[in-house]
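Here's the structure we're looking at; comments come further down.
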Amino acid sequence: MSSRSAAKINQYFRQTIPMMVKNNVPITPPYYTLWYSYTSGDIPELSTRIDDIVQRLGQCDRYMCDVLLEEFVVDAAEDTLAQVQSSINQVVKSLHASTESAMSHADHLNQSMSADIEKLSQEAIQSNTHSAHKLVSIARRFIDKTEDYRTQLEQQNAEIQALKAKVAETEKQLFIDGLTDINNRRKFNDDIALYTASADKTCLVMVDIDHFKPFNDEYGHLLGDKIIQTVAKTLEQSCVQTSGAQAYRFGGEEFAILLPNANLKAAIQFANDVRERISRLNLKNKKTGQSIRPITTSVGVAQFQPGESLEALLERADQYLYAAKHAGRNCVRAAVA
Numbered sequence: 013m014s015s016r017s018a019a020k021i022n023q024y025f026r027q028t029i030p031m032m033v034k035n036n037v038p039i040t041p042p043y044y045t046l047w048y049s050y051t052s053g054d055i056p057e058l059s060t061r062i063d064d065i066v067q068r069l070g071q072c073d074r075y076m077c078d079v080l081l082e083e084f085v086v087d088a089a090e091d092t093l094a095q096v097q098s099s100i101n102q103v104v105k106s107l108h109a110s111t112e113s114a115m116s117h118a119d120h121l122n123q124s125m126s127a128d129i130e131k132l133s134q135e136a137i138q139s140n141t142h143s144a145h146k147l148v149s150i151a152r153r154f155i156d157k158t159e160d161y162r163t164q165l166e167q168q169n170a171e172i173q174a175l176k177a178k179v180a181e182t183e184k185q186l187f188i189d190g191l192t193d194i195n196n197r198r199k200f201n202d203d204i205a206l207y208t209a210s211a212d213k214t215c216l217v218m219v220d221i222d223h224f225k226p227f228n229d230e231y232g233h234l235l236g237d238k239i240i241q242t243v244a245k246t247l248e249q250s251c252v253q254t255s256g257a258q259a260y261r262f263g264g265e266e267f268a269i270l271l272p273n274a275n276l277k278a279a280i281q282f283a284n285d286v287r288e289r290i291s292r293l294n295l296k297n298k299k300t301g302q303s304i305r306p307i308t309t310s311v312g313v314a315q316f317q318p319g320e321s322l323e324a325l326l327e328r329a330d331q332y333l334y335a336a337k338h339a340g341r342n343c344v345r346a347a348v349a
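The working numbering applies: residue 13 is where the sequence shown begins, and numbers increase by one.
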């Protein structure tokens, strides 16, 4: 994109968003990258595929886009996607600003023309000539046209305002895990850097559901998803009761919790409370109506050390997590408080 002029890039940006809205595709960086590539023609094979999908199905929705992302944009770097999201925001702001400016100019023109036409009308009445009345008629039709133009601008502005709201919502969704509705790994990466840089003390709690694969094998993936969702909700509820705490789905059946301004002793107590709450969960198999076997977790806790890299902190928390696994599971392991 860098070799193109700013005007050309802006043109593609402006074309891409309406296409995504028309195809009911969320305005997120990965999807936007896909559709920008289509609009710009950067990947001819992709353009052909999307055209074919639209012709056959009427639209290329998010599910079809997921398939295309895997094939064409799977290697998109996270920093590139972040730049795309920034571009999306800039385009929407630019559209809104230009429309507001056009509406203002239309208002000013109408006010000025109305005053001039009123004077011209009075002169036409006094002169009572055909050419004067014709000139007034032409001027009034012009005013009507500018009014129509302003109405169109108002409609466009309403659409842009709705688009702004949609962009804000999809931007928020970038940091939310789709299955559990709690913070995702991307948000974790942002927050852990912030917390370790600004909080006096930060503790990291890593939580892993014990023997999760047998749950899927025994009860099916739908119940497996339900277990992940219920554990996530339990973690989030625990965080609400603890100032500053945030829960994240780290990946699969693994979760992370950040506790800013918490010492190790408090973090261990928090981790044990969470572990016990999860062990008391009572989920039922909808097919049989019977309660499934207890859900337990292994938990590792580490406190950030000044000067420590984030990778080192994560590695230490993981080590304690696996120590809990080796100790028999359903327990917490950490450095001595």
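Every residue, glycine too, gets a C-beta built ideally from N, C-alpha and C.
* My understanding is that residue 222 touches residue 35, with C-beta atoms under 8 Å, so please give their C-beta distance in whole angstroms. => At roughly 42 Å, the Cβ-Cβ gap does not stay under 8 Å, so residue 222 and residue 35 are not in contact.
* Please find out if some non-hydrogen atom of the ligand PLP comes closer than 7 Å to the beta-carbon of residue 70. => The model depicted lacks the ligand PLP and carries no ligand whatsoever.
* To do: Would you mind listing the beta strand (DSSP E) stretches within the segment 265-301 that are 3+ residues and don't spill past its ends, in chain order?
  => 266-272
* Residue interval of the alpha helix (DSSP H) (run including residue 200) -> 197-210
* To do: Please state whether DSSP places residue 37 in a helix, a strand or coil.
  => coil
* Taking DSSP as the reference, what is the three-state secondary structure of residue 337? -> helix
* Would you report the Cα separation of residue 305 and residue 57, rounded to the nearest angstrom? -> 50 Å
* Asked: Pick from 229, 327 and 264: whose alpha carbon is nearest that of residue 316?
  -> 327
* Ends of the alpha helix (DSSP H) at residue 312? -> From DSSP, residue 312 is part of no alpha helix (DSSP H) but of the beta strand (DSSP E) over 309-315.
* Of all the options 224, 344 and 324, which has the alpha carbon lying nearest to the alpha carbon of residue 333? -> 344
* To do: Could you give the DSSP three-state label for residue 247: helix, strand or coil?
  => helix
* At least 3 beta-carbon pairs within less than 8 Å: the segment 257-270 vs the segment 207-220 -> yes
* Asked: The beta strand (DSSP E) with residue 214 in it runs from where to where?
  -> 214-221
* Going by alpha carbons, who is nearest to residue 84 out of 335, 46 and 249? -> 46
* Among all the DSSP beta bridges, which residues are the ones paired with residue 188? -> 195
* **Check whether residue 24 and residue 44 have beta carbons under 8 Å apart** => no
* What is the residue span of the alpha helix (DSSP H) that residue 261 lies within? -> No alpha helix (DSSP H) holds residue 261; the beta strand (DSSP E) holding it covers 258-263.
* Beta-carbon gap between residue 250 and residue 289 smaller than 8 Å -> yes
* Touch check for the segment 239-248 and the segment 283-302: three-plus C-beta pairs under 8 Å? -> yes
* **Residues near residue 73 by beta carbon distance below 8 Å, same chain, minus five either side** => 35, 36 and 37
* Beta-carbon proximity check, residue 312 vs residue 346, cutoff 8 Å -> yes
* Which first and last residues belong to the alpha helix (DSSP H) in which residue 305 is found? -> Looking at the DSSP string, residue 305 is not in any alpha helix (DSSP H), and its letter there is neither H nor E.
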